[in-house]
Amino acid sequence: MRFLNFLNGQSNLRQIDVSEDDDFVDLQLTITKYWKDDDEHHIVQAKGLWGRETVGLAIAFRPDMKLGIVDTEVDKQRFYREGINFYSIGKLSDNFTKALNSLFKIEGTSSKMHDTIGSTAFIVSGQPEYFDEEYIKAKVFFDDGNEKHHYAEWYVNIDLKHNILELREKDPEYRKNIISILTNV
130 MRFLNFLNGQ SNLRQIDVSE DDDFVDLQLT ITKYWKDDDE HHIVQAKGLW
180 GRETVGLAIA FRPDMKLGIV DTEVDKQRFY REGINFYSIG KLSDNFTKAL
230 NSLFKIEGTS SKMHDTIGST AFIVSGQPEY FDEEYIKAKV FFDDGNEKHH
280 YAEWYVNIDL KHNILELREK DPEYRKNIIS ILTNV
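Using this note's numbering, the first residue of the sequence shown is number 130, and each one after it goes up by one.
Listed below in structure tokens is the structure:
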């Protein structure tokens, strides 16, 4: 198992809200750890600041994903169930969902993050086989069968070379569903 630790301490962490447009909430976290598990999943732990609170989470990427667009067409075989999974790292993840509640302007919801949240992933750009060298952009789909009535989409971009994890909003109408999927609501 390969394990890289990028930061010692919190002094290099930045504020997570990097929104440039008032209509969208875009987040950027600093990758503090990277490793592969026994199944070769790429796993990153990312942290940032929201005010004075440290926030964070872990995200795992399936190792077999390929670029979803082939010859300018969407390849329907390249939507990967459990392609990108989100993991709580305890209090820092609860702080993360608390920050999301505030940034999304969602009141009265829980901030306790589920231990594990799966999603279907589609790689928009980049070559995942070169995970540690490429800037990879993915679109994730939560509750894509809408069984829980919490369908949502989110962009997850990773630039391991520069220790950056981005979570970009697809559409503000998904905010409440993203919070519901991530937390114990």
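Beta carbons: idealized from backbone N, C-alpha and C, even for Gly. Here the structure is a predicted model, which means the values were calculated and not measured.
* Would you report the Cα separation of residue 271 and residue 304, rounded to the nearest angstrom? -> Numbered from 1 along the sequence shown, position 142 holds the residue referred to as residue 271. Numbered from 1 along the sequence shown, position 175 holds the residue referred to as residue 304. Taking the straight line from one Cα to the other gives about 12 Å.
* Asked: From residue 165 to residue 199, what distance separates their C-alpha atoms?
  -> What you label residue 165 is simply residue 36 of the sequence shown in a count that begins at 1. What you label residue 199 is simply residue 70 of the sequence shown in a count that begins at 1. One C-alpha to the other measures close to 27 Å.
* Taking residue 259 as the reference, give the member of 155, 153, 191 with the closest Cα. => Along the sequence shown, one-based indexing puts residue 259 at 130. When only C-alpha atoms are compared, the closest one is 191.
* **Beta-carbon spacing of residue 223, residue 241 below 8 Å** => Counted from its first residue, the sequence shown places residue 223 at position 94. Counted from its first residue, the sequence shown places residue 241 at position 112. One thing to note: residue 223 has its Cβ within 8 Å of the Cβ of residue 241.
* State yes or no: is the C-beta of residue 244 within less than 8 Å of the C-beta of residue 290? => By 1-based counting over the sequence shown, the position of residue 244 is 115. By 1-based counting over the sequence shown, the position of residue 290 is 161. Result no, Cβ atoms of residue 244 and residue 290 do not sit closer than 8 Å.
* Residue range of the unbroken beta strand (DSSP E) whose run includes residue 297 -> Working through the sequence shown from its first residue, we reach residue 297 at position 168. Per DSSP, residue 297 belongs to the beta strand (DSSP E) from 293 to 298.
* Asked: Nearest CA to the CA of residue 302: which residue from 146, 148, 154, 274?
  -> Along the sequence shown, one-based indexing puts residue 302 at 173. For the set 146, 148, 154, 274, the Cα lying nearest the Cα of residue 302 is the one of 154.
* **Simplified DSSP state of residue 226, which is helix, strand or coil** => In the sequence shown, the residue the question calls residue 226 occupies position 97. Here residue 226 sits in helix by DSSP.
* Beta carbon of residue 232, beta carbon of residue 178: below 8 Å? -> As a working mapping, residue 232 is identified with position 103 in the sequence shown. As a working mapping, residue 178 is identified with position 49 in the sequence shown. No, these two residues do not count as a Cβ contact at 8 Å.
* Using the Cα positions of residue 307 and residue 293, report the straight-line distance between them to the nearest angstrom. => Here residue 307 corresponds to residue number 178 of the sequence shown, with the count starting at 1. Here residue 293 corresponds to residue number 164 of the sequence shown, with the count starting at 1. Spanning the two alpha carbons is a distance of roughly 21 Å.
* With C-beta atoms as the reference, is residue 157 less than 8 Å away from residue 145? -> Residue mapping note: residue 157 aligns to position 28 of the sequence shown, counting from 1. Residue mapping note: residue 145 aligns to position 16 of the sequence shown, counting from 1. In contact: residue 157 and residue 145 (Cβ atoms closer than 8 Å).
* From 229, 204, 268, residue whose alpha carbon lies closest to that of residue 248 -> Here residue 248 corresponds to residue number 119 of the sequence shown, with the count starting at 1. The candidate whose alpha carbon is nearest that of residue 248 is 268.
* **Local Cβ density within 10 Å of residue 282, reported as buried at 16 or more and exposed below that** => Reading the sequence shown from its first residue, position 153 is the one you call residue 282. Answer is buried; the Cβ neighbour count reaches 16.
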